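Report on one structure; see the data block that follows.
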Amino acid sequence: MEGIIAIWQRDIIKFFRDRPRMVGSFSMPILFLVVFGIGMGGSMESLVSAGTNAQNFNYTEFIFPGIVSMTLLMTSIFSSLSIIQDRDFGYMREILVSPVSRVNIAIGKMLGSASVALLQGVMMFVLLPVLGIGIDLVSFFQVLPVMFLMACAFSSLGLLVASLLNSMQGFQLVVNIFVMPMIFLSGALFPLNNMPGWVNFLVTLNPVTYGVDLMKHIMIDVESLNAAVREEMGLNLTFFGQPVTITGELFFLLGFTAVLILLATLSFRRANS
Amino acid sequence: MIELVGLTKKFKHNEAVKNLNMFIEKGEIVGLLGPNGAGKSTAISMMASLSEPTGGDVRFNNNSILKNPAPLRKVVGMVPQEIALYDDLTAEENMQFFGRIYRLRGQVLKRKIDEVLEQIGLSERRKQVVRKFSGGMKRRLNIGVAMLHDPELLIMDEPAVGIDPQSRNYILETVKRLNEERQMTVLYTSHYMEEVEYLCDRIYIMDQGNLIASGTKEEIKQILSAEKTISIKTNRLNDRFLSLLEESPTINQVVAGEKEVTITVPKEINMFPKLINLAEKVELELRSVEVKTPTLEDVFLHLTGRALRD
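Protein sequences, first through last, are from chains A and B. Taking the numbering used here, the leading residue of the first sequence gets 1, the next gets one more, and so forth. Taking the numbering used here, the leading residue of the second sequence gets 1001, the next gets one more, and so forth.
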């Protein structure tokens, strides 16, 4: 346990010391917020209103959970990838030679990356007043554990990827293969209706899909939207034809995290032998 | 204390360690020498349970660590070749991190940090981030974090590479003191013969994955007891002179530098008249001819045909 706490705490200290990284990791989500929220917001709101007779549909409010999810995903994955540097610079040899088990090293790193991602995600909420979006305190405290669970799932994925990479050279590949497709195939930024079967399959397996959906259900008053808007905006999520429940989504994320942390530990053990 | 039995590591395209047998007794400082690519780091990795051998065994207190590495991991400290410190953490935070990895906490951890920082001469710098440290200070701290949990066995993989002579002396003195005061067992790998000669009780020499010599310093130097080494300095070396030396039946080995050539000959042979004769034949000016007592470097040269730092 002491080893898990030490590895977790080191990531937190590093986060607060590395201000350029803190600021830099906001740039992409803010860019997306500007492009999608301001650039496409007007058109999307007109289309939805025209198709559904809905009043007061706020597209920025719809994509904000998606942007936060994107921040969580990027920070978690990139933070987990720092384990490659640990390996290259020899820190990992010092840790691996110690009595801390491989599983605890993986869990400590996963929790560290997830905590950093959560902090970064929470900082995005500072933008809410600027965007004209309101959130009550109850919803805010409800969304925090969901964000942390999402960050744990993404960090586990990052750890698995890191254990398969030999160097940071593959970093860009990871962004292209995992991060961006996971964002675009989650319904975070636009609804994914009438997609081909194989795309739907990927959407169904994508953990971001369920994280974003959970966040939307907490942050947006989904029930107050009319049925046509919910349908149009992809808020009636299904899992292989079955309607998705909040409990189901939570279990999916928990299961995803558990399986990936196990795979990451096994892969990590193999990579270091 | 720890024994390597027929240890072998094969990778896809090469065999990094071939049937290595060695042992370290409690309280010894043992040197492991070899040029780059000799297989030292791979051997150390297997010894420290960081990687699994493809053959053979590592036995710690007569028990295989391949099946159960936990007893070894509790008492081993590792100083890697790289500076493995977090640049954006202070010296004290680095020590806290590595101490906690070894399950130290609270007052015990605090007391150990104070003690080790004092030993490595960094007490005054404890609150400074490591990024601002000199290379020598980083090396000292690198050793300090491995000493926090009072390891019974300290594995040091070239700990004094790339630092100033003052810091190197400090490190050597610290290792010597740890061994004398706490009977800490040390495995020390290095490129530098003088470090190993100063510190180590026994020495193992590896080259291309093979163990090519082992024993005490004196035993290893005995390898050359039937021979002597002669260093010849000239105004300029030419190929004809080298060819004549190589063709001479009394010379066992010729190693040429830029303006210096070292030959190994049987102890009883007087080479001076012959060398003068050969030099005159090729119109070469001899600057000096010096008979040397064999050093570990000479033994290494003799065994591998190349200098240790090549």
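Glycine included, each C-beta is placed from N, C-alpha and C at the ideal position. Note that this is a predicted model, so its numbers are computed, not measured.
Bounding residues of the beta strand (DSSP E) (the contiguous stretch that carries valine 1282 (chain B)) | Segment: none, valine 1282 (chain B) is in no beta strand (DSSP E) and carries neither H nor E.
Could you check where the beta strand (DSSP E) with threonine 1262 (chain B) kicks off and where it finishes?
-> 1260 to 1266
Who are the neighbours of alanine 1043 (chain B) on chain A, taking C-beta pairs under 7 angstroms?
-> Simply none; closest approach about 14 angstroms.
CA-to-CA distance, asparagine 1270 (chain B) to glutamine 1222 (chain B), given in whole angstroms = 20 angstroms
Extent of the continuous alpha helix (DSSP H) to which lysine 1138 (chain B) belongs = 1135 to 1147
Would you mind working out which of A:Phe268, A:Met92, A:Ser167, A:His217 sits nearest glycine 66 (chain A), comparing C-alpha positions?
-> Of the listed residues, the one whose Cα sits closest to glycine 66 (chain A) is A:His217.
Interface positions of the segment 1198 to 1209 of chain B facing chain A (Cβ-Cβ less than 8 angstroms), listed along the chain | Answer set for the segment 1198 to 1209 of chain B: empty.
Beta carbon proximity, alanine 1016 (chain B) to chain E, threshold 7 angstroms = Given the protein chain composition of this structure (A and B), no chain E is represented.
Please decide whether aspartate 1088 (chain B) counts as near chain A, where near means a Cβ-Cβ distance under 7 angstroms.
-> yes
Looking only at its own chain, which residues have a Cβ that is under 7 angstroms from the Cβ of proline 1069 (chain B), when we skip the five neighbours before and after it?
-> Ser1049
Alpha-carbon spacing of glycine 197 (chain A) relative to alanine 188 (chain A), whole angstroms | 19 angstroms
Taking the Cβ atom as the reference point for each residue, do isoleucine 1163 (chain B) and glycine 1209 (chain B) lie within a distance shorter than 7 angstroms?
-> no
Ranges of the alpha helix (DSSP H) found wholly within the segment 181 to 245 of chain A, counting only runs of at least 4 | Whole alpha helix (DSSP H) segments, 4+ residues: 197 to 205, 207 to 219, 227 to 232.
Pull up the DSSP beta-bridge partners for lysine 1228 (chain B), would you.
-> B:Val1265
What in chain B is Cβ-close to leucine 96 (chain A), meaning under 7 angstroms?
-> Counting only Cβ-Cβ distances below 7 angstroms, leucine 96 (chain A) has contacts in chain B at Leu1050, in chain order.
Kindly identify the DSSP beta-bridge partner or partners of threonine 1216 (chain B).
-> B:Arg1202
Excluding the five sequence neighbours on either side, which residues of its own chain have a C-beta within less than 7 angstroms of the C-beta of alanine 1016 (chain B), listed in chain order?
-> Lys1009, Gly1039, Thr1042, Gly1209
Could you give the C-beta distance for alanine 151 (chain A) and alanine 106 (chain A), rounded to a whole number, given that I count them as a contact under 8 angstroms?
-> Rounded, the Cβ-Cβ distance is 15 angstroms, inconsistent with contact.
Under 6 angstroms from any heavy atom of the ligand FAD, does the C-beta of asparagine 1021 (chain B) make it?
-> For the ligand FAD, the structure offers nothing, since it holds no ligand at all.
So, does the CB of lysine 1074 (chain B) fall closer than 7 angstroms to a CB anywhere in chain A?
-> yes
Buried or exposed (CB count within 10 angstroms, at least 16 for buried), proline 207 (chain A) | Buried, by the Cβ-count rule.
Exposure label - proline 1159 (chain B); buried when at least 16 CB within 10 Å = Counting the other CB atoms within 10 Å of its CB gives proline 1159 (chain B) a total of 16 or more, which places it among the buried residues.
For serine 1214 (chain B) versus tyrosine 1204 (chain B), is the C-beta spacing smaller than 7 angstroms?
-> yes
Does glycine 112 (chain A) come within less than 7 angstroms of chain B when only Cβ atoms are used?
-> no
Are there 16 or more other CB atoms within 10 angstroms of the CB of leucine 1072 (chain B), so buried, or fewer, so exposed?
-> Classification of leucine 1072 (chain B): buried, given that the 10 Å Cβ count is 16 or more.
For aspartate 88 (chain A), three-class secondary structure by DSSP = The three-state secondary structure of aspartate 88 (chain A), taken from DSSP, is helix.
Would you give the residue range spanned by the alpha helix (DSSP H) that asparagine 1021 (chain B) belongs to?
-> No alpha helix (DSSP H) contains asparagine 1021 (chain B), which is instead part of the beta strand (DSSP E) from 1015 to 1024.
Return the chain-ordered ranges of every alpha helix (DSSP H) run that is complete within the segment 68 to 118 of chain A and spans a minimum of 4 residues.
-> 91 to 96
Count the other C-beta atoms from every protein chain shown that fall within 10 angstroms of the C-beta of leucine 254 (chain A), then say buried if there are 16 or more, exposed otherwise.
-> exposed
Have a look at B:Lys1228, B:Glu1290, B:Glu1260 and flag the residue whose alpha-carbon is nearest the alpha-carbon of valine 1299 (chain B).
-> Measuring from the Cα of valine 1299 (chain B), the nearest candidate turns out to be B:Lys1228.
Mind listing the chain A neighbours of glutamate 1082 (chain B)? Cutoff is C-beta to C-beta under 7 angstroms, in chain order.
-> Within chain A, Phe89, Gly90 have C-beta atoms less than 7 angstroms from the C-beta of glutamate 1082 (chain B), given in sequence order.
Within 7 angstroms, strictly: CB atoms of glutamate 2 (chain A) and arginine 1139 (chain B) = no
So valine 1289 (chain B) and isoleucine 1232 (chain B) are in contact, right, with Cβ under 8 angstroms, and what is the actual spacing, rounded?
-> That belief holds up - the Cβ atoms of valine 1289 (chain B) and isoleucine 1232 (chain B) are roughly 5 angstroms apart, short of 8 angstroms.
Three CB pairs or more closer than 8 angstroms across the segment 257 to 271 of chain A and the segment 160 to 167 of chain A | yes
Do proline 1151 (chain B) and glycine 1031 (chain B) have their C-beta atoms within less than 7 angstroms of each other?
-> no
Alpha helix (DSSP H) containing serine 1243 (chain B): first to last residue?
-> 1239 to 1247
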